[in-house]
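To start, the structure itself, in structure tokens.
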Amino acid sequence: MPILEGYAPRTHGCRGDLPASDALRRSQLRAGRLPARPRARAGRRCRRRAPGVRAGPAHARPGRHPPRGDPRPGRPGRRRRRLLAPTDHPFWRPFVKILIVDDSPTPRLLLKRELEALGHECLVAEDGLEGWETFQGSGVDVVISDWMMPRMDGDQFCRKVRSDSDAPYAYFILLTSLDDRKHVVAGMQAGADDYLTKPFGDEELATRLIAATRVTELHRTLATQQKELERLNAVLVEDSRRDQLTGLGNRRRQDEDLKVLAARAERYGHAFGVALFDVDRFKAFNDTAGHLAGDDALKTVAGELIRQSREGDAVYRYGGEQLLVVFPDQSLDTTSTAAERMREAIEALSIPHPGLDPGGVVTVSAGVSCYHDEGQDDVERLLARADSALYNAKESGRNRVVSRERKQLLS
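Positions in the sequence shown are counted from 1; adding 1112 to them yields our numbering.
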């Protein structure tokens, strides 16, 4: 048996002791009387070897592996194969979710494997109807669909995809053959973004995916910006209908809401009341305490009116120191009672009035009117009656509520 140079014989396993002494063993090796042990596998060697015997290759030592690309020990000419990661692929693009719709199983499976090898997630469907069911709510980025399919063809499927306004924009690639290129125009008119002619290569597919990724990213950016613009626009509209000092609805918001209530009253016969409040001697308050203190007092009065309101009532800043409270589905009497309760609550706040004698507090007067209480009515006449009633309350000594229709004095 030939001697395998560089490896010691093994008689009792890797950890067993050799029966001969070192000198005898060396002589037997030279004479060829010791059997050669089999070649050890790469990476696994016997820990004990005869003295003076050379060790195997460096990469065959325990814990060492052959360098990448080097032939394996004992297998000359063969190299280790390294699988490409998705990011190493020359046509790799950022991850996207792709829906493949094709009634032919083999092309559908091959295309799915190719796209998954590139690191993409794939959903599959056998025809347009199944593709539409899969598409809804799936968040698909790219759709690759065949043209000729049973139940729902590519043209109908593409139109369904484009009709879904709630779904994010999906890049639609139409698959066609050399014989039906005439369908490409119809597909593009239906909403397709691009097409592939079968058979197609990896480069063509990668080119379409690169374009699809760019387009879908742009659409998502535009959609995000559009939502932000809509949000900012809603904020601006709300700010334009709100008083900046008190946070109440302003005259614009008031006029819009009163028109809605008036239309409902005319249609269903539901009356509603209004109470126009005015802070008594507010000019004297500002002249004595300053406008900042006057603003604070007005905000306090507005906050108390809100606290005293029922659910469904609305408070607006009518202008200056005047505030309007609207009471839906209320008669003149119930509106007057609610306004009187609010007047008493504001007086009970005991806000010092520096423009009055010591001990004087901030009070309000109110004029009450009701819409559709008797005969035909409109918003302008309603507010005019409330303003006239407020004037009567001021002339009668302030800090009271007056109803315009009945000229009823509540104190």
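Beta carbons are placed, not taken as given, at the ideal position from N, Cα and C, and that holds for glycine. In this text the structure is predicted, and so the values were computed from the model without any measurement.
Residues that residue i bridges to, as DSSP identifies them
i, result
"residue 1357", "The partner list for residue 1357 (beta bridge, DSSP) is empty, contrary to what the question assumes."
"residue 1234", "1210"
"residue 1310", "1289"
"residue 1265", "Paired residue(s): none; residue 1265 is not in a bridge."
"residue 1439", "1385"
"residue 1390", "1434, 1477"
"residue 1257", "1213, 1286"
"residue 1482", "1385"
Simplified DSSP assignment, three categories, for residue i
i, result
"residue 1426", "strand"
"residue 1288", "strand"
"residue 1420", "helix"
"residue 1474", "coil"
"residue 1513", "strand"
"residue 1464", "strand"
"residue 1281", "coil"
"residue 1248", "coil"
"residue 1304", "coil"
"residue 1294", "coil"
"residue 1406", "helix"
"residue 1490", "coil"
"residue 1239", "coil"
"residue 1508", "coil"
"residue 1276", "coil"
"residue 1469", "coil"
Cα-Cα separation between residue i and residue j, rounded to whole angstroms
i, j, result
"residue 1231", "residue 1263", "31 Å"
"residue 1239", "residue 1217", "11 Å"
"residue 1321", "residue 1261", "23 Å"
"residue 1367", "residue 1361", "10 Å"
"residue 1273", "residue 1409", "59 Å"
"residue 1316", "residue 1336", "30 Å"
"residue 1398", "residue 1473", "14 Å"
"residue 1191", "residue 1341", "Bear in mind that the predicted position of residue 1191 carries a pLDDT of just 48, short of 50, making it too unreliable to give a figure here."
"residue 1491", "residue 1500", "14 Å"
"residue 1427", "residue 1464", "24 Å"
"residue 1203", "residue 1356", "Caution applies to residue 1203, whose pLDDT of 48 falls short of 50 and renders its modelled position unreliable; the value that the coordinates give is listed next. For residue 1203 and residue 1356, the distance between alpha carbons rounds to 57 Å."
"residue 1249", "residue 1376", "40 Å"
"residue 1307", "residue 1294", "12 Å"
"residue 1259", "residue 1220", "13 Å"
"residue 1493", "residue 1334", "49 Å"
"residue 1351", "residue 1365", "10 Å"
"residue 1458", "residue 1371", "29 Å"
"residue 1433", "residue 1391", "6 Å"
"residue 1107", "residue 1349", "Outside the modelled stretch of the chain, which goes from 1113 to 1523, sits residue 1107, for which no answer is possible."
"residue 1509", "residue 1393", "11 Å"
"residue 1413", "residue 1345", "31 Å"
"residue 1284", "residue 1347", "36 Å"
"residue 1466", "residue 1484", "41 Å"
"residue 1243", "residue 1278", "17 Å"
"residue 1281", "residue 1236", "19 Å"
"residue 1302", "residue 1267", "6 Å"
"residue 1271", "residue 1211", "16 Å"
"residue 1328", "residue 1253", "7 Å"
"residue 1402", "residue 1450", "31 Å"
"residue 1378", "residue 1455", "30 Å"
"residue 1421", "residue 1339", "35 Å"
Which listed residue (the options) has its alpha carbon closest to that of residue i
i, options, result
"residue 1269", "1304, 1278, 1251", "1304"
"residue 1385", "1419, 1215, 1496", "1496"
"residue 1209", "1227, 1221, 1219, 1215", "1227"
"residue 1429", "1287, 1389, 1420", "1389"
"residue 1417", "1285, 1387, 1514, 1282", "1387"
"residue 1503", "1476, 1482, 1484", "1476"
"residue 1515", "1466, 1447, 1459", "1447"
"residue 1435", "1445, 1279, 1443, 1411", "1411"
"residue 1479", "1236, 1452, 1354, 1243", "1452"
"residue 1233", "1223, 1288, 1332", "1223"
"residue 1257", "1279, 1460, 1213, 1289", "1213"
"residue 1311", "1286, 1243, 1462, 1300", "1286"
"residue 1309", "1289, 1324, 1296", "1289"
"residue 1468", "1275, 1400, 1215", "1400"
"residue 1441", "1332, 1489, 1380", "1380"
"residue 1382", "1470, 1471, 1246, 1439", "1439"
"residue 1298", "1265, 1324, 1251, 1314", "1265"
Proximity test, Cβ basis, 8 Å: residue i and chain D
i, result
"residue 1353", "Reference to chain D is not applicable here, since this structure consists of a single protein chain."
Could you tell me which uninterrupted beta strand (DSSP E) segments, each at least 3 residues in length, are contained entirely in the stretch 1312-1372, listed from first to last along the chain?
Segments of the beta strand (DSSP E) lying fully in the stretch 1312-1372: there are none.
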